[in-house]
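Let me begin by presenting the structure, written as structure tokens, before commenting on it.
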Amino acid sequence: GENVEQHPSTLSVQEGDSAVIKCTYSDSASNYFPWYKQELGKRPQLIIDIRSNVGEKKDQRIAVTLNKTAKHFSLHITETQPEDSAVYFCAAITSGSARQLTFGSGTQLTVLP
Amino acid sequence: KAGVTQTPRYLIKTRGQQVTLSCSPISGHRSVSWYQQTPGQGLQFLFEYFSETQRNKGNFPGRFSGRQFSNSRSEMNVSTLELGDSALYLCASSSQRRGGTDTQYFGPGTRLTVL
Chain A
1 GENVEQHPST LSVQEGDSAV IKCTYSDSAS NYFPWYKQEL GKRPQLIIDI
51 RSNVGEKKDQ RIAVTLNKTA KHFSLHITET QPEDSAVYFC AAITSGSARQ
101 LTFGSGTQLT VLP
Chain B
114 KAGVTQTPRY LIKTRGQQVT LSCSPISGHR SVSWYQQTPG QGLQFLFEYF
164 SETQRNKGNF PGRFSGRQFS NSRSEMNVST LELGDSALYL CASSSQRRGG
214 TDTQYFGPGT RLTVL
């Protein structure tokens with residue numbers, strides 16, 4: 001089955017700096033890669049996603065890049081703000097009749113004011 | 114559209130008991146997946162239902178079961194509760210329409226505590 005590894009597990013940045021979280025996946029058939037943000041006590045919220053036919057996607061301060069050859073994808077947050085502090089999860093899903101999200105272990109991002 | 118809802122939000126049970134959790138997906142969504150979230154194991158897939166059929170199952174013991182109704186609402190049941198079943202149980206729904214995305218939208222979760 002799919003295996004997703006996520007690094008780093010914790011990340012502290014100064015407000016205004018950039019943050020990068022990296023994930024690798026094992027199943028070359030995986031074709032959809034969402035990123036979720038989970039604030040303390042709340043549900044995971046989708047913040048951006050990318051499909052295997054796209055190399056990069058951007059939404060304001062957030063961008064995701066995908067390298068299918070190397071089987072890794074990354075989340076980039078620019079101009080970080082204190083409200084970006086949360087746990088971020090990457091995930092991968094394999095196409096087919098049965099869809100199962102396999103999650104990375106999460107990154108606790110802390111933006112220091 | 115209303116989001117994914119889960120009931121109850123909190124549950125306290127004792128070892129050996131059983132529990133049933135409920136999930137109502139976003140209107141029009143036919144796929145419901147369940148996940149267990151714990152500090153040690155992260156987010157782990159339990160199972161996925163589509164049109165009342167279980168399509169996929171994660172690596173959990175048979176004490177964990179589920180079902181889906183014709184209106185796409187889903188329930189999961191855990192029998193013979195163990196201390197290690199204490200977790201946040203999340204359900205997520207997706208549309209699974211032809212040409213649609215696989216985006217899964219999560220409910221607020223049910224916090225289960227086993228004493």
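So the protein lines, in turn, are chains A and B.
Heads up: the first sequence begins at 1 in our numbering, then just goes up one per residue.
Heads up: the second sequence begins at 114 in our numbering, then just goes up one per residue.
The C-beta atom is built at its ideal place from N, Cα and C for all residues, glycine as well.
Bear in mind the structure is a predicted one, so any value in this text is a computation, not a measurement.
Run down chain B in chain order and give the residues with a C-beta less than 7 Å from the C-beta of S105 (chain A).
G155
Looking at the C-beta of F177 (chain B), does it have a partner C-beta in chain A at a distance below 7 Å?
no
Please report the straight-line C-alpha distance between Q217 (chain B) and Q45 (chain A), rounded to a whole angstrom.
9 Å
Return the chain-ordered list of same chain residues with a C-beta closer than 7 Å to the C-beta of E2 (chain A), the five sequence neighbours on each side being excluded.
Y25, S26, D27, S30, A92, T94 and T102
For the beta strand (DSSP E) that contains L75 (chain A), what are its first and last residues?
H72 to I77
At which residues does the beta strand (DSSP E) containing I21 (chain A) begin and terminate?
A19 to Y25
Measuring only between beta-carbons, confirm whether D215 (chain B) sits less than 7 Å from chain A.
yes
Could you say if the region 120-136 of chain B and the region 55-67 of chain A meet the contact criterion of at least three C-beta pairs nearer than 8 Å?
no
Spatial distance of T10 (chain A) from V54 (chain A) (CA atoms):
28 Å
Give me the subset of the region 42-76 of chain A whose CB atoms are less than 8 Å from a CB atom of chain B, sorted by chain position.
K42, R43, P44, Q45, L46 and D49
In the DSSP assignment, the beta strand (DSSP E) including K126 (chain B) goes from what residue to what residue?
Y123 to K126
Take the Cβ of L75 (chain A) as the centre, count every other Cβ of all protein chains shown within 10 Å, and call the residue buried at 16 or more, exposed below.
buried
What does DSSP give as the partner residue(s) for Q14 (chain A) in the beta ladder?
A:L112
Taking Cβ positions, are L159 (chain B) and W147 (chain B) nearer each other than 7 Å?
yes
State yes or no: is the beta carbon of F158 (chain B) nearer than 7 Å to at least one beta carbon in chain A?
yes
Rounded distance between the beta-carbons of F33 (chain A) and F73 (chain A), thought under 8 Å:
5 Å
If I measure Cβ to Cβ from E56 (chain A) and keep anything under 6 Å in the same chain, skipping five residues before and after, which residues do I get?
T65
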